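The structure appears below as structure tokens.
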Amino acid sequence: MAAFTVVTKVPLPAYIPPDAVVAALHAYRPLIEANPHLTSYERRAVGIEEIVDDPFFRDDGHRLQAFTCYQRITIIPGVGAWATKDVSVPCVFQSYDVGVRCRADAGSGVTVWSSYEVRRRGEINATNPADTPPPSPDDGDFELVEIASVSCGALVRPFVRRSLTTAHQDILQRIADGVGRSVGIPVWEMAIGKAGVTGRSPQV
Numbered sequence: 001m002a003a004f005t006v007v008t009k010v011p012l013p014a015y016i017p018p019d020a021v022v023a024a025l026h027a028y029r030p031l032i033e034a035n036p037h038l039t040s041y042e043r044r045a046v047g048i049e050e051i052v053d054d055p056f057f058r059d060d061g062h063r064l065q066a067f068t069c070y071q072r073i074t075i076i077p078g079v080g081a082w083a084t085k086d087v088s089v090p091c092v093f094q095s096y097d098v099g100v101r102c103r104a105d106a107g108s109g110v111t112v113w114s115s116y117e118v119r120r121r122g123e124i125n126a127t128n129p130a131d132t133p134p135p136s137p138d139d140g141d142f143e144l145v146e147i148a149s150v151s152c153g154a155l156v157r158p159f160v161r162r163s164l165t166t167a168h169q170d171i172l173q174r175i176a177d178g179v180g181r182s183v184g185i186p187v188w189e190m191a192i193g194k195a196g197v198t199g200r201s202p203q204v
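If you count the sequence shown from 1, position 186 lands on 186 in the UniProt record's numbering, and the numbers rise without skipping.
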């Protein structure tokens, strides 16, 4: 089995309260629904065998919840629907003070242990800095970070790493955008901030 870690992050604009992002993570569903591969999901009971021997789930956590997420994964990009695969992914979530832990068993021997956290900007470096959105005048002092530890077969490692990097960057950005909308920031103002255009920052 191959093991590797991917760190992904997006900056949080100054007008998005960090506590609002943590609250969205703690709700679990915004995190699930941000996955671009998701087709549907359902809540299920937590199996004791899923957590009892896994040190990933710690004593500082709260609210263990389990879901099955149904996803459509692209195997060969750009060649149509025939090159996709439908998969079901059992997930277990646990909240803690600054974020959420999630273990996803994606099948075929692929398991992902992810921590989603709000951190002060610059505390940790991204695995692929080129994939991190460029700085914006609206960036604040915090960023949304995912630290994903992956176990998978050596043959599928390149595919899993590519899929994780691209999809999870999108997940983080969707969460940030969703929180921005929930606190009353118009979509066009968020787009201006991402483009690096200066202007009056919304007051929240």
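Every residue gets a Cβ at the ideal spot worked out from N, C-alpha and C, and that includes glycine. Note that the coordinates shown come from a computational prediction; the quantities given were computed from them, not determined experimentally.
Beta-carbon spacing of residue i, residue j below 9 Å
i: residue 156; j: residue 4; result: no
i: residue 108; j: residue 148; result: no
i: residue 32; j: residue 41; result: yes
i: residue 50; j: residue 90; result: yes
i: residue 72; j: residue 111; result: no
i: residue 67; j: residue 103; result: no
Straight-line Cα distance separating residue j from residue i
i: residue 117; j: residue 99; result: 4 Å
i: residue 195; j: residue 139; result: Low confidence applies here, because residue 195 scores a pLDDT of 48, under 50, leaving its location unreliable; read the following figure in that light. Taking the straight line joining both Cα atoms gives about 12 Å.
i: residue 56; j: residue 152; result: 17 Å
i: residue 212; j: residue 171; result: There is no way to answer for residue 212, as the model of the chain reaches only from 1 to 204.
i: residue 176; j: residue 126; result: 17 Å
i: residue 163; j: residue 35; result: 12 Å
i: residue 69; j: residue 53; result: 23 Å
i: residue 161; j: residue 154; result: 11 Å
Nearest-angstrom beta carbon gap, residue j and residue i [assumed within contact, 8 Å]
i: residue 65; j: residue 28; result: 6 Å
i: residue 17; j: residue 183; result: 7 Å
i: residue 180; j: residue 13; result: 7 Å
i: residue 94; j: residue 63; result: 7 Å
i: residue 30; j: residue 178; result: 6 Å
Quick check on the DSSP output: what are the complete beta strand (DSSP E) runs of length 3 or more inside the region 137-178, in order along the chain?
139-152
Considering only residues of the region 18-45, which uninterrupted alpha helix (DSSP H) runs meet the minimum length of 4 residues and lie entirely inside it, listed in chain order?
18-26 and 29-33
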